[in-house]
Every structure is written in structure tokens, then in C-alpha cells.
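Shown next, in C-alpha cells, is the structure this report addresses.
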Amino acid sequence: MDIWSWFTDGVAAFDAWGAGLIGATPWLVLWSIIKILIIALPIIICVAFLTLWERRMIGYMHVRRGPNRVGPGGLLQPFADVFKLLTKEVIVPEKSNKVLYILAPVMTLLPALAAWAVIPFGPETVLANINAGLLYVMAITSLGVYGVIIAGWSSNSKYPFLGAMRASAQMISYELGMGVVLVTVLLVSGTLNMNGIVQGQLSGWFADRGLNFLSWNWLPLLPLFVVYVISIVAETCRHPFDVVEGESEIVAGHMVEYSGMGFAMFFLAEYANMILLSAMASIMFLGGWSSPLDFAPFTWVPGWLWLGLKTFFVVSFFIWFRASFPRYRYDQIMRLGWKIFLPLTGVWFLIVAIWMQTPFNIWK
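Here it is in C-alpha cells:
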């Protein structure tokens, strides 16, 4: 029996004991809250250390030092940044819509955390193993744009409003291409269940010979994988698509009028979305929790660690792009989304659909 099986058996026994002790319904509610915290707290910690990894990686690529003062090797720098933001004064503009102004950062952050409910960390390790998991993620992540629009409008200032309009237009434009990519993955997987999508990548000629990584969707759907990675960078308004927050243009976009914890929540939502969309790329194209080779010692590594390593690999592309490419003009960003990515994903969708009707269908 491996470590993960021992853990799941222990959880089942603990669950039965708790249900018998305090009653089934209250225990289920309490246990659900515990499982949510088990997922949410590590994600928030990962967000904090992603900021450290970004600064250290960019420093390495630019041949300079990153954060190295706070704690051993700068490891406590994220906590110093959090403490600084928590102690800053929260200023609410006098003529803003107070309720929406305070609600906007929450509406931006919550979808990035709520989507993790259906992300599988292993064959049986998922908070909600629903059949429409992919549809749930597409729906819940699309709500983030409302937080951006409300933040710009509720501030009652021209610059945040302009930034919100640009951000929402950019996010919606690239969501269309991402949606076609995910529909193509649905087509080849035949299921909306996230675990089913991963399981579908573990069958085929290569997987039967232990070469799982050659059966993952990244190889037959390589153009869509490239489009998806670039689109999630644009979706999160990261460099080189960060004209929404271009310092030489309209400062911090929709966040201009926010300070202290309000600004920190937008900052947290950006990095939480980076991790979430990188995890989605890992599940859709890189086999999710599955190991690249079906041999020891690869099979000894737990599934959640494989998913974490793949997510770390994809999220590092965000940092690499920031350190390497100049910022695009806004018209170039919109042209890329509408005139290149959207037609490209549509054409590849048709190619895959025709491919699946031929004798050379590799997804049977």
C-alpha cells in the first residue's frame, strides 16, 4: 500500500468516526470546510512565493540579484510584502460607489479560488468530482471580468474607467480563443469531467508502452497548446500584454484608486489566476496528475506533486515572457486575438473533427 492510499483510507475512517460522533449533516459541512481550507491555504501560500520566484527568476535572467535581504536567501520577502500592504492606509474615494468599490476586489479574487473545487490532484483526489467540471471552470473564471469592470466604474474616475474598459475588452477577446481550445479538448476527450480528461490521455500506443508523455494532448494538439499558453498570459493581462497597467500610459489601470488591502487583493487575484490557468493547461495538455513515464521511480511520485511540477513549469513561462519581450501596442494585442488566434483555433478544431472520423483516429 502506497502513502496516498494509506492517507485516503485514514481520511475515510476519520470521516466515519466524525459522522458517528456529531451526526452526519454537521460533520459533512465541517469536513467540506476543512477540505476547502486544505486546498485554499496552500494556493494562497503558493501565490506569495510565486512573487518571490518571479523576482528571483527575472534577476537571474538579467544577471542581477533578486530579493536576498529578508530571511535566509530572501525567503521571507513575500511575508514582508504582505505585512507592508496590510499596514498601509485604505483610502476610499469620496465620490465612489462605496459598496461596489469594496466588492470589486472580492469579485476578482473569489473566482480564481472557487475554480479549484474541480481541479483533480489525483485519480480520486478532488473536492468536487462533477461531470461538468470543465464547464464549471469556464463559467466561474469568466466572472473575474465583472470585478475589473466594477472596480473601474465604482471608482468614479476617468483613468480607472479607461483601464477597466481596456482590460475587459482584452480579457473577453482572448477568452473566445481559449474557449475554442477547451472545446477541442472536450471533443477529443469525450467528457467534461476533469479526471476523465486526464484519464483519456493515459491510453494509446505510447501509453501502452509506458511513454505517457507522448500520449498527452500537447503533441497532437500542439498549435492549440501554444495558443492556450499565450492566451492565458493575455487573459491575466501579464507582460507583454499588460497595456492595461502600462506605467507609461494609464498607471495601474482599473486599480488606480485602490490602496492597501484592496490593491493587494487585485495583486493576489492576478497571481492566483496565473496558477489556476497553468494548472488547467497541465490538465488539458500535459496529463495532469499522471507521471510522464509509467516506470519506477516515476510512479512512486504522488499525483499532486506531478501536477504541481507541471503547473510550475507552465507558470514560469509567464515570467520568461516578462523578462524577454517588449510590450505590445493595444491594437496589436487585439489583432492577435481576433485575426490570428480565433481563426487558427477554429481551423484546428475542424481539422481535429475530421481527423477523428478517419481510420487514423488516435483518440479511440
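Numbering-wise, my numbering comes out as the position in the sequence shown, counting from 1, plus 81.
Heads up, the beta-carbon is just placed ideally off N, CA and C, and yes, glycines get one too.
As the structure is a computational prediction, the values presented were derived from the model and not from experiment.
Inspect the beta-carbon positions of residue i and residue j and report whether they are closer than 8 Å.
| i | j | result |
| --- | --- | --- |
| Gly418 | Tyr255 | yes |
| Ala245 | His335 | yes |
| Phe425 | Pro304 | The question names Phe, but residue 425 is Leu in the sequence shown. Yes; because the gap between Cβ atoms is below 8 Å, this pair is in contact. |
| Asn293 | Pro174 | no |
| Ala353 | Leu194 | yes |
| Val314 | Ser359 | no |
| Phe306 | Leu295 | no |
| Leu357 | Leu273 | no |
| Gly427 | Val266 | no |
In three-state DSSP terms, what is residue i?
| i | result |
| --- | --- |
| Thr206 | strand |
| Pro174 | coil |
| Thr317 | coil |
| Ile443 | coil |
| Ile414 | helix |
| Lys169 | coil |
| Asp375 | coil |
| Leu367 | coil |
| His335 | helix |
If you draw a straight line from the alpha carbon of residue i to that of residue j, how long is it in whole angstroms?
| i | j | result |
| --- | --- | --- |
| Glu316 | Pro148 | 28 Å |
| Asp289 | Gly203 | 20 Å |
| Ala404 | His143 | 8 Å |
| Ile125 | Phe344 | 16 Å |
| Pro378 | Met342 | 44 Å |
| Ala248 | Val226 | 8 Å |
| Ile311 | Leu111 | 40 Å |
| Ile117 | Leu208 | 8 Å |
| Ile364 | Val337 | 35 Å |
| Tyr240 | Arg408 | 20 Å |
| Glu351 | Pro440 | 44 Å |
| Phe242 | Val163 | 27 Å |
| Arg146 | Trp134 | 12 Å |
| Lys165 | Pro159 | 10 Å |
| Tyr309 | Arg319 | 14 Å |
| Asn276 | Ile139 | 34 Å |
| Lys169 | Tyr339 | 11 Å |
| Val199 | Arg410 | 36 Å |
| Ser236 | Met415 | 26 Å |
| Gly228 | Trp381 | 42 Å |
| Asp375 | Val325 | 44 Å |
| Leu431 | Asn298 | 16 Å |
| Ile230 | Pro321 | 21 Å |
| Leu302 | Asn442 | 13 Å |
| Val269 | Ser371 | 18 Å |
| Trp436 | Lys176 | 58 Å |
Practice task
Pick out the complete alpha helix (DSSP H) segments inside the stretch 235–293, 4 residues or longer, and give them in chain order.
Solution key: 239–270, 275–281, 286–289
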